[in-house]
Every structure is written in structure tokens, then in C-alpha cells.
Ligand code: BDR
Ligand code: CA
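Residue numbers (this note's numbering): 723 to 1036.
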């Protein structure tokens, strides 16, 4: 058996972030979570920090290290998404207030220290929200870039367009300057865009199977996702809503569920109209150097089978 892959989850929970964290914590044979690094995004940082700890305690992991990072984007004014996630970011289920502490170290220092300490090429950074923390770490300590095994991120979109503006997906839109820095860093990047996550619908049949697990975790997850999907169900008229962030963890567990293309991606930071757009050279028309793997398809049933099986372990 091979050693579990070391990951840091950088996140702004959010119901779908929460499910992603649960999926990772349910998979210790494959993934060793070195810590959670939280950022302002879906809701302000006081709430994303609280929510990360709610999830750890729900998963029976109050020992996990949670670090607080950036309270706002690098240059732009903060944008939040309470209209999607509710006031707390985790509306939809009753949970106890967490008692576990936050580690008294800034996320950016945690990222830098960890990447310098661990053997080069062994740590994967999973970003599930705006990429402010990673960008700040790269700005402060450029030596960590070649030490990162891979950044696997939820963000962006091509054929699906955007979800917060016609052109931009929320995570990139909130801090486009951070993402621009990440995409020009030379780090291997795998992108799970809206083109993938819009195929991962929380249909009634799939949610019934998660509910049928019959545990405290499945009850809370069902409540969260029923609340979370209502916004997109109304918007897209679909059976269920897209489940974005768990796609990142599912990719690490079963990459064979996904397919895509290696290509160049640039981030729009100049035009207010298309701010935060991921300009993906899918058809390779520019000659610009490839800097990421952009995934486009997913075996959605395989994904929900994996998720349900793993949640049942908690
Ligand atoms: C992304 O934005 C947030 O609302 C979700 O948590 C996800 O990370 C989807 O655009
Ligand atoms: Ca998120």
C-alpha cells in the first residue's frame, strides 16, 4: 500500500466546501490532511473559520489544525455569497457551536512553513475558495512554488460561462489577482470548473441515497445540501443543484472519473465587464504555453457513488 497523499485544504465553507472536507476526512487511506486553511469568501472569515471547525467536529476530528488566513482579497473589495449559502454559510442544519480552537498562526505562515518542511514535491494544495492565501504565500516566499506537488482547485468555467457574473465563476471573481498569480507561478494546476461541477447535480435520487445512510453526518449533509441547492434549482430549473467543491477531493481519490485537456489559462483582471474570467485556450489557438489541466467531463454517477460510500464511513 502506498502512503496517503499529503494535502492542505484551503477553503471558505460553504456547504459544498463542508462536504469536500468530509469526503477528505473519510478517506485517510488515500489522503492525509495536514491542516485546513480558511479564507474569506462565501461568508466573512469569522464564519468560514467557525464552519471549518463545525465540520471537523462533525467528522470526529477536533484534533485537526485549522488556521485563519486572509480576511479580504488582495486588491478588490470583499464579495460574499450569503444569498446562496445563507447567513452562516452553513445554513440548513442545526449544529453545535464548535469548541476546538483555531491554531494561533496565520494560514500564510502555515503554508510557507509546511511547504518548506515537507519533502519537496509531496504536498498538494486544494483550493476550494478564493486563492488569496496561496497567492500571499507565493508573494512572500517564492521558493515554495517548485516545492508544491500540485494545486487542485475548484474555480472558473469555459463552456458554462460564469455563475456570479456572465463571465466569471465566484472563486476567481472574488480574488482574480490572486488567481492570476497562481496561474503564472509554474506550479502544476488541475482545474475543476463549472463545466464539471454543473454535471454533479444533487438529484433527489442521489440525495435519498445519502439520506439512507441514516447517520448524524448524513442527516446534517442532507440538510445543508437541500438548503444549498434551492438557489441553483430556481436558477437552472434542474433536479438538484451543482455540488462544486467535493469534485476536487473526488479527483484526488479517483482521477479516472474525470477527463480534460492540458492548455493555457489566463485570468482577466483588467476589464470590469469580464473581471475574473478564466480565458481557457481549449482549442489551442494562441500558442501560449500550457499552464494547467482543465477538466471538462465527469462520471457523475461514479462521483456520487464514491461520495455516498465515503460519507457512510464517518
Ligand atoms: C464556488 O463558489 C462557492 O460558492 C462554492 O463554495 C464553490 O467553491 C462555486 O462557484
Ligand atoms: Ca468554496
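We put the beta carbon where it would ideally sit given N, CA and C, even for glycine. Here the structure is a predicted model, which is why all the values come from computation and not from measurement.
Contact between the region 946 to 966 and the region 803 to 818 is established, with three or more Cβ pairs separated by less than 8 Å. In this structure, residue 746 lies away from residue 773, with their beta-carbon atoms at least 8 Å apart. Between residue 732 and residue 759, the beta carbon gap of about 4 Å places them in contact (Cβ cut-off 8 Å). Less than 8 Å separates the beta-carbon of residue 915 from that of residue 878.
For ligand 2, a non-hydrogen atom lies closer than 7 Å to the CB of residue 736. The criterion of a C-beta distance shorter than 8 Å is not satisfied by residue 974 and residue 1025.
Under the three-state reduction of DSSP, residue 909 is assigned to coil, being neither helix nor strand.
Taking a 10 Å sphere around the C-beta of residue 792, we find 16 or more other C-beta atoms and assign the residue as buried. In the DSSP annotation of this structure, residue 934 is not part of any alpha helix (DSSP H), being labelled neither H nor E. Closest option to residue 875, judged by alpha-carbon separation, among 934, 785, 1008 and 1000: 1000.
Only buried fits residue 946, as 16 or more other CB atoms lie within 10 angstroms of its CB. Spatial neighbours of residue 893 in its own chain (CB-CB distance under 6 Å, excluding positions within 5 residues in sequence) are listed in chain order as 851, 852 and 877. Boundaries of the beta strand (DSSP E) around residue 982: 980 to 985.
Boundaries of the beta strand (DSSP E) harbouring residue 727: 727 to 733, taken from the DSSP string. Look at residue 813: its beta carbon is at least 7 Å from all of the heavy atoms in ligand 1. About 22 Å separates the Cβ atoms of residue 770 and residue 902, ruling out a contact at the 8 Å cut-off.
Measuring C-alpha to C-alpha distances from residue 1020 to each of 996, 970 and 988 identifies 970 as the nearest. Here residue 876 carries a strand assignment [DSSP, helix/strand/coil].
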